Each structure stands twice: as structure tokens, then as C-alpha cells.
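Protein chains in written order, with our numbering: chain D, 98 to 596; chain S, 803 to 1484.
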């Protein structure tokens, strides 16, 4: 009944708690117990924990958050959090970075953190992208994870700045009940803190939760709390010390498709004859509440609005424009239920798995398509060629647990290197395809926990001599030539022994 | 080829030959210009070039006409058995030959399992795997599925080549070419060799025809090399298909016929002995055949003929030694009596002691079409084991059905060892084709060859009529017809006035018939034989194509969403498909080796639900797959097959009685159905 993540949550708190002094231990156990009580459905538990920071580092005292506004979007299974911080430097030394803190359970599910700073006055407001890097602080309580945002210009004393942060959490909505039948709709738990976890003093903060529907079973109250329409508001809270934490649990209805691609392998094969062939192997799973009991096709088809609301039948993949020879198949053959719409800006492929996906059901399939080479392959000023292709999964609103991109370079290409806007694992492989002698270099890029926001271009650079393009046609031509020469020789010479 | 001129050729009159006269110089001019420009080919080379290009075209035609299924649907494996073959091929390519040979499959026939390596004909899988490895070695990055899908068309193309050589061997090159064209598009063969129909028959027909061709060649030449080649052809056939029994019975029968008609020769002796001894030894290497080849009743004819040959040879030798005719006759009488006596006693003792196994049920049902219906419902339940209707003969052979007797006539006119063989092959296989629908396939090559003889001989005779005039004017450019020229010239005077026009009309008629045949074949291929039967297509209300892909939907669901060790119970038809596409353990499958097990499933399906539950618990069943076609009007669903479940179940368990499921002898599934029918699991 308890989800595994919740277990880990408690466990982490308990383990780290033991390393604290004995006063802390009791309170941690209390908290763990209260969380498990919540899980049992008692959502009235109310707790504020103040973490004692024994030796606050100078950097954390330097900054104070004047105003924080957090908007959590729960409308799909990908939780998007928009955080607006107004920070002030209260010390004399200039501060060059701002640190964000995440509880360990959230940090595990953190797919992406992006930050930007607002520059200029109200009329001419523009946003500048800021670098975000994971960092460590010496006295992190309970395994808190940190990300530091590097400011463009260091904040001098008394100066303020407004930062906008977007971070995305995956696998953070826990279905409860964990198993539902075909006619039930899907309810999920969302757990967070009413107060923003921060290493800084926060003067004023508010949290808004946007729910997918008006149906919310229950939510933890941390006064002032207000629920109206599809919005749940926590706050405003005034003057909270660093590391304030107040767990809240929201039990809400969410019937959006919980489409999770457990593994996605995208193979991009470059041919200098004018084509890029892309093959994508999907392992799709419905990560919502598990399906219980029987599946009645008759009911599913006759009452689509009441039956199987949390299931999904089709998915939308957005492909680049000018896509051609699209196929959609799996291990046992073509899947006939797909539609392709394309115009000059984009192509949309609507695919239906062989069966509607209910909670816990899996489907594997392959999508393949060809693209014109000139749209994606360019020559850099230093004479290298580079492929400019988009990272991420083309399926809309899906989480990819593990994404592998293999860029198969043409035979004879050298010095491959890749550039991506975020850290990815890289390695090289060799692949043999049609008529290869030495094999093709394959650049492999791997990333875990990928969300649609990761769809940004990446580049693979390599050098290639065009003469290699002729190797394979020449090989074929010579084989045919020899064959015809043999035929000619046979025709012009009488080989029979009898005269 | 002068022999063909024995036909009474009534050449055209001088009057009627007037029209082609002016065209002839023009034609020869054209020819001379052509030959000047085209590297000055000699006539022989020209003929070779035309022949080779025709063969190449036929080769390509045979391949592409079988690709309708890929175009209409997709590159996929069809029907039931091919899925098993595909699964085993996949296993072979992944695990290697030794693993394959020793494969014990626990995924089928739960809880018994099946020793795959010992109970299948590995020829097809090994062939496909070899092609796959070969292509991989040449760096063609093909998928094993594509290889499997295209195996049958590829071998069909090869069959056309064999048909050409066979036709050449028994008649002449013209007949060979016609035979190649006819067999390339003959629906009887296409039905089992479209792309995706990855079944034993696909390669077996090639092997069958190759063995026959090589054997006839061996008989014609008396060469050990051809005999050896035919033994290897036979080995390939044995490794590919159970239909090899046909070869090992037809060839002895043929030899026996030659012996009886007094056509015994040293060539025959060499060919048969070499083929039989080596072929037998090779065939015994296939585990599924093994010692059956010397022990089972089906193979006894070959052995008997083998001994008879030795006796014959011995007698010949004695006759050669003894110049006294009377003494020899006495000796002959004694030897023949002894040989027959010893043979009969050996057979009797062997059968009685169980050393020689009796004929199998399938073999019996071939000789006696009513046998299966009375004794083995499992064989009778398969639609392709039903006796053939006239319409399906017409459907599969079209004009060949009429050309066949004509070809037989030509064969009888020019009897030789080779034509006797093709006549015997044609007649016996026609009989078997009448007994079982699927054996039309075996008859197809013979029908094509014999019809090709008819077509070729007719057209040759007719064109000979038209060309007599030109031949007189030309100075013997075609060497082969030199002998016939004088005779036809002599007949010019006696010919009737309308002979020539008649010949033209007949020729047009023949071409019309042949073009109808081509149209019919294309239509049949595209409409009837190119459906994978896994995917069904229909026309929607607006003329759009609606695809029913429910089978694969179900199998894929099983594959993805059931525990890997789940056991699925279904009627045996779907067994292979569930194991191949669903990757789950099944209780029974299309390899119907254990009738009791199938009957148990039949009993479970036709019992009351609580009884069925007990049976299924005892079989450790997790899922039951039933097919219901009522919504879309799909007729081959399990309700339709249900009476066979009852019959097969009742054959082993007398608790199940067919009349319980019928209302007044009628099979009803609606409200008025029998109560037992309504309350059973199905």
C-alpha cells in the first residue's frame, strides 16, 4: 500500500536522523510516523518542522528571499513547478550565486531545473537564461540536494534580483488506490511541503497548486489554505527561517495519460546520399493505477466517457517537417492504426498501440522515418560537418526513463564529438550496415529521466571525405562488371568438349 | 528435334503463302542489320540469348507475382504453421545449430513439452538460416523475418529453373520454357509459396522437382554423378517435408513399371541403386525420419523394388551365362518364386513382430479417402485435408486442366523413359490431389510440365505449318529442322487450302487461352492467395479499407501483459501463433502429435463450466483464448470449430457426446441451442 518512494523517504529521514543528536531523532520518527499515517488516509496531520542549522555557512546567511511564489502544475503526470524568487543580498560581500534546495525524495525525480533572470524595467522586460549546476553544501541536513544558479552580475550589498525557476518532477504522483477497475477514475497523491525548502530566510511565500479537475478528495491544511475552482492556495506565510518544512498531501483526481517510456532508443543514421533514417524503439508503459479485474471491450467502446477514463488509446508524436516513409510497427508486424498529418512547419503522427493501455500495461513498438539530409546536416566554419538534431522523445507529454540516442555516422568519418545543452553520457560504438567493410562509427548519447522540455537541438561533429561515398557503388559496379564479363566470355567461347 | 516432324504436317498452299512473302525479305533484312550491330551473334548464341533472357524474366516474374501479399498487407509471416517455422528459425539463428538440434521446447504442449529437434523437418529453417548468415556475411543488414518471408518466392523462382531443365530433359527446350512460365504463375503452386508463406512446402516443391529431374537425368544418362545428385536432392527433400514419402514410393513404382514394360536397362539399375542406397543413408541422418526409413510400411515398396532390381540383375547375368533358353526359364521360375516367397515371409514376420511399423493414418487416408473421417477426426477436421472439389481444381489449374490430357496424349505418342516418368508422376499426383486439397500442390509441377508439352508441341506444329514456305526460301539456317524439311515439302502438295488459315486461327486461340490463363493466375494470386489470414481486410461503407488486426492485438497483449510463465489454453489452431507472437506457453498446438491432449482441451471447452474449471486447474491454465467472430462476421471463429472440439473430445472421452450439442441434428448457437451447448465453457 505504501509506495516504494514513500518508504525511501521515511528511511532516508530515519537514517540521516540518527546521525543527528538525540533531540532530533525523536522528531524525525514522529514525522515518519505521521507520513505513514497520511498514507493510510488520515490527511489531517499537521506538522511544522524547523531544522536546526547548527553552523550556517556564510553564503546561506548572505541572501534573503523577500518574496517567493510557487506555482505547481499537476494537470498532467509531469509535475511542473514555476518558482519566482525575489532575492536580496543582506551582507556586504557581493553574492554571485543563489542556491536552491530540494528534499532528497524530490531530487530523485527531478528531471530538469531551469532558471532565468528578469532584466530591465517593467516595459522592456527580457529574460536571460542562467546556468544551473548541482552543488554540495557542507552541512546539508537530511541529504538535501542543492542546485546553484550562477547570476550574471554578482549582487552587491542591498541589491535585489528577480529569478524565475522552472523545475520538473516526474513519477511524483502516486496513484491511490493503487489498483482500479475499468469504470473507476484514477486518484493520485501529491506530496510536497507547504513551505519552500530553502537554505535562506524567506520573508514571504505563497504556493499555488493547479489541479486537473475540480475533484479533490482531500488535502492537508496549513493555514491559511484556500481551495477554489481548480486552484489550491497555501499561504501567504511570513518570515520562515531556513530549512522550514511543512509536509502536505493532496489527494486528487488525475485522468491524464500516464505515458512513461521506460526505454527509448533512437537511432539516427546519416547517409550522405541525401537521407537521414531514424528508428525509434519504444518501451511504453502506463504508469498510473494498475488495472484490476477484467477488461470489457464492449463497455469500453460503448461508454467511452465513463469507462477506462485513465487509460489512453492514442499518442501524438510530433516529427520534423518533410518527413517521409514513416512506419509504425512492433515485433510481430505493422500496426495499422496510425495517421500522419504533415504541413511545412511540422508533421504529426498519431499512433494507436495495438490495445488501449490501462494501468500497468505495456506496449513496445518501433517508429521509423526518413528525413532530408539538408535540413539537419551542416558544415561548420572549420570544415567539420555537424548534425543538428533534436534531443528528447517526440511523443507528447511523456516521460522517458532512459533515453539512448545513437548517431550512426557514415562509413569513413572521423573525430566524432557531441555537444548537448545538458550533461549526457557519451561513448562510441561500431556498427555494420549494408556493404560495410570497416564499420560505421556510432556516437551514443544517454540520458535518464527525460521530459518534453528536453527537446532542444544537440550537435554531433565529425569529419568526412566525400570520396568515401563512392566506395560502395564502385564495389557493386565492379561486381556486376565482373559478372557481365564472365557472361560475355561464356557467350564468345564455345566451352563444350564435343566438336 | 526431327522426331517431332512425325506429326502429319500439311503445309500451306502456295496461294495462301503469298501474304508473308513480301514481309520475309524485310524481316531478314532487319535480322541482318540487328545481327550486324549486335556483335554478330551466331544463331546458336542468339537462341541462347533469347532463352536466357526468357528464363531470367520468368525467374523475376515468379518472384514478383508472389509479392502481392507484401504489397497488399505487409512483410509478415502468414497463417499457422509458418509461425512455428519462423520461431524455430529465429531460435536457430540466435542459438546456433547444435542448440537447435537438441532443443526441448517447454513452451508448447504444456506440461509434456516437445522435442523440437527430433520432431521437425529442419530443411526449411536451415535453408533460411544459411541465406541469412550468407547475406549477413556479405554485409546485407537484413532481418531474419525478411529472409523468411521471401524464402518461398525465392524457391519458387528456383523451381521455374528446375522446371525448365526438366521440360528440356523430357521433351525439348521449348517445352522447358513453357513449363517454366506455366509453373511460375500456376495458382496451385502460388497458394503455398506467396511471400510470407514460410512453410515446408515452399522449399519442398523445389526439392521434389529437383529430385525427380536429377533422377530422370540419371536414368537417361546412366551416370553415377546424376544418381548421386538425385540422392542429395532426395536428402534435401527429406529434410524439408514429410511429402518425401511420395518420392520414395513413386520412384520404385516407376522403376517397377519400367521393369514390367521391359524397359529395364543398365542405366536404370545404376540410377535407382545409387539413388536409393545413398538417399536412404542420407535420409536416416534426419532425426525425425531416422530408422523409419527402413522400418515403416511406407518405405517398404522402395526396399522391395531395390531387392527386385538385384534379382533382375542376377537373372540377367545368369541369362548371359546360360545360353540355353529352357534351362533359363526353369531357373527363372525357381528364382522368382523364391524371391517373392522370401520377400513375403520377411514382410509378414517383420509386420507381425512389430519391427516394420504399419502404415500411418495419414497414409491410409490418402489411399482410402473415407478412412480419416471414420477413424481420425483430427485429420479430418483440417480444412486442407478435405477431398478436393472440382471448382478448386478449376481454380488452381484453369486451362492446365484441359491441357493435361492433351499433354498425356503427346507423351504417349513419344514414349521414352522420361515421358513414362512424367506420365506416372502426373497420374498418381492427380489422384492424390483429388483425395486431399493440399496435395494439389504436389500435382502442380507435373500438370505444368505435361501441359507445357501439350502447348509446346501444338504451337511448334502450328508454327511449322506457317514457316514451311519461309524455310524453303531460306538456306537451312535452323539446323534442327533439317530432317523435317523434306517431309514437309513433300506434304505441301497434298495440303488442304484452309490449313494455313486454320493454323493461324488455332495459334490465336492458343495465345488467347494462354493469356486468359495469365489473367486468371494474376487475379487468383491477388485476390485469393495473398491474404495472411492473421490480418483481415474488408471494404468499409465508404469504400475505404478496414483492417481487422484483432489476432495480433490479442497475441501482443499476451506477450506484454501476462507473466512470462503464463499458460494459455486455446484450441490447437492458435497454438503456434500464441507461442510465436505471444511468446507464452500453450497447452496444445498445430503439431497434433498427442491426440489425447487435444481431446482434453476439447473436453474442457465442451464441458460445463465447473467441470471445465477442474480440468483447466489440472492443466495449470492461467489464460483461455477463444475467438468470437460474431461482431464482425468472421466465420472461422471458435463457435464454428466447436463441433470438432466436441468430436475430437468425444473420440477419447466418451462423456462428451455430439448429439448433446445438437438440436434435432442441427447445430444452433442462438437461443434455441441445446442446453449443454449453452452451458458449456464455450
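Positions of the beta carbon are idealized from the N, C-alpha and C atoms, including for glycine.
A quick note: this is a predicted structure, and the numbers were derived from the prediction, not measured.
Inset, instruction - Enumerate, from N- to C-terminal direction, the unbroken beta strand (DSSP E) stretches of 3 or more residues contained entirely within the segment 931-1013 of chain S. - result: Counting whole runs of 3 or more residues, the segment 931-1013 of chain S contains no beta strand (DSSP E) stretch at all.
Legend entry - DSSP beta-bridge partners of residue 1371 of chain S: Beta-bridge partners of residue 1371 of chain S (DSSP): S:1426.
Legend entry - Sequence ranges, alpha helix (DSSP H) only - wholly within the segment 1398-1423 of chain S, length at least 4: 1411-1420, all fully within the segment 1398-1423 of chain S.
Legend entry - Continuous beta strand (DSSP E) stretch holding residue 1188 of chain S: start and end: No beta strand (DSSP E) contains residue 1188 of chain S, which DSSP labels as neither H nor E.
Inset, instruction - Compare the beta carbon distance of residue 1040 of chain S and residue 1078 of chain S with 9 Å and say whether it is the shorter of the two. - result: Between residue 1040 of chain S and residue 1078 of chain S, the C-beta spacing is not below 9 Å.
Inset, instruction - Scan the segment 1358-1388 of chain S for residues whose Cβ lies nearer than 7 Å to a Cβ of chain D and list them as they occur along the chain. - result: Here the close residues are 1358, 1359, 1362, 1363, 1383.
Inset, instruction - Give the secondary structure of residue 1021 of chain S by DSSP, where H, G and I count as helix, E and B as strand, and everything else as coil. - result: Helix, per DSSP.
Inset, instruction - Identify the contact partners of residue 941 of chain S in chain D, using a Cβ-Cβ distance below 7 Å as the criterion. - result: Here the neighbours are 529, 531, 532, 533.
Inset, instruction - Please determine if the segment 242-260 of chain D and the segment 194-212 of chain D are in contact, where contact requires at least 3 C-beta pairs separated by less than 8 Å. - result: Contact between the segment 242-260 of chain D and the segment 194-212 of chain D is present, because at least three Cβ pairs lie under 8 Å.
Legend entry - Contact under 9 Å by Cβ, residue 407 of chain D with residue 352 of chain D: Contact: yes.
Inset, instruction - Would you give the residue range spanned by the alpha helix (DSSP H) that residue 1329 of chain S belongs to? - result: Unbroken alpha helix (DSSP H) run through residue 1329 of chain S: 1301-1329.
Inset, instruction - Could you tell me the distance, in whole angstroms, from the CA atom of residue 521 of chain D to the CA atom of residue 561 of chain D? - result: Distance between the alpha carbons of residue 521 of chain D and residue 561 of chain D is about 24 Å.
Legend entry - Within chain D, the residues that residue 878 of chain S reaches when beta carbons sit closer than 9 Å: Within chain D, the residues placing a beta-carbon under 9 Å from that of residue 878 of chain S are 429, 430, 431, ordered along the chain.
Legend entry - residue 558 of chain D, enclosing beta strand (DSSP E) - first and last residue: Here the beta strand (DSSP E) through residue 558 of chain D covers 554-560.
Legend entry - Distance between residue 1159 of chain S and residue 1091 of chain S (C-alpha atoms, nearest Å): So the alpha carbons of these two residues sit roughly 13 Å apart.
Legend entry - Simplified DSSP state of residue 826 of chain S, which is helix, strand or coil: Low confidence applies to residue 826 of chain S: its pLDDT is 44, below 50, so where it sits in the model is not reliable, and the reading given next is rough at best. Note: residue 826 of chain S maps to helix in three-state DSSP.
Inset, instruction - Pull up the DSSP beta-bridge partners for residue 1479 of chain S, would you. - result: According to DSSP, which records beta bridges pairwise, residue 1479 of chain S is partnered with nothing at all.
Inset, instruction - Name the two residues that bound the continuous alpha helix (DSSP H) containing residue 1082 of chain S. - result: Start and end: 1068-1085.
Inset, instruction - Quick one: measure Cβ to Cβ for residue 282 of chain D and residue 404 of chain D, integer angstroms, because I've assumed they're closer than 8 Å. - result: Rounded, the Cβ-Cβ distance is 10 Å, inconsistent with contact.
Inset, instruction - Compute the Euclidean distance between the alpha carbons of residue 574 of chain D and residue 565 of chain D, then round it to the nearest angstrom. - result: In this structure, the CA atom of residue 574 of chain D is about 15 Å from the CA atom of residue 565 of chain D.
Inset, instruction - Look at the alpha carbon of residue 957 of chain S and the alpha carbon of residue 1257 of chain S, and state the distance between them as a whole number of angstroms. - result: If you take the alpha carbons of residue 957 of chain S and residue 1257 of chain S, they lie about 25 Å apart.
Legend entry - Touching by the beta-carbon criterion (3+ pairs, under 8 Å), the segment 1234-1254 of chain S and the segment 1015-1029 of chain S: A contact between stretches requires three or more CB pairs, one per stretch, nearer than 8 Å, and the segment 1234-1254 of chain S fails this requirement with the segment 1015-1029 of chain S.
Inset, instruction - Work out the CA separation of residue 914 of chain S and residue 966 of chain S for me, nearest whole Å. - result: For residue 966 of chain S and residue 914 of chain S, the distance between alpha carbons rounds to 47 Å.
Inset, instruction - Determine the closest residue to residue 342 of chain D out of D:298, D:555, D:388, D:290, with distance taken between C-alpha atoms. - result: Considering only alpha carbons, the answer is D:290.
Inset, instruction - Could you confirm whether any beta carbon from chain D is found closer than 9 Å to the beta carbon of residue 896 of chain S? - result: Not an interface residue.
Inset, instruction - Return the CA-CA distance between residue 1248 of chain S and residue 1132 of chain S, expressed in angstroms with no decimal places. - result: The straight-line gap from Cα to Cα measures roughly 42 Å.
Legend entry - Euclidean distance between Cα positions of residue 579 of chain D and residue 852 of chain S: Cα to Cα, residue 579 of chain D sits roughly 21 Å from residue 852 of chain S.
Inset, instruction - Please report how far the alpha carbon of residue 1436 of chain S lies from the alpha carbon of residue 1430 of chain S, in whole angstroms. - result: The alpha-carbon of residue 1436 of chain S is positioned some 8 Å away from that of residue 1430 of chain S.
Inset, instruction - Would you decide whether residue 858 of chain S is buried or exposed? Buried here means 16 or more other CB atoms lie within 10 Å of its CB. - result: Exposed: under 16 other Cβ atoms inside 10 Å.
Legend entry - Positions along the segment 435-461 of chain D whose CB lies within less than 8 Å of some CB in chain S: The segment 435-461 of chain D vs chain S, Cβ under 8 Å: 451, 452, 457, 458, 459, 460, 461.
Inset, instruction - Find out if the Cβ-Cβ distance for the pair residue 383 of chain D, residue 278 of chain D is shorter than 9 Å. - result: Judged by their CB atoms, residue 383 of chain D and residue 278 of chain D are not nearer to each other than the 9 Å cut-off.
Legend entry - Supposed close pair residue 953 of chain S, residue 1004 of chain S - CB separation, criterion 8 Å: About 6 Å separates the two Cβ atoms, so the contact holds.
Inset, instruction - Kindly indicate which three-state DSSP category residue 1462 of chain S falls into: helix, strand or coil? - result: Look at residue 1462 of chain S here: in three-state DSSP terms it is helix.
Legend entry - Interface flag, residue 400 of chain D vs chain S, CB-CB below 9 Å: No, residue 400 of chain D does not count as interfacial toward chain S.
Legend entry - For residue 532 of chain D and residue 1075 of chain S, the rounded distance between their alpha carbons: Straight across, the Cα-Cα distance linking residue 1075 of chain S with residue 532 of chain D is about 46 Å.
Legend entry - Check whether residue 1219 of chain S and residue 1421 of chain S have beta carbons under 9 Å apart: No, these two residues do not count as a Cβ contact at 9 Å.
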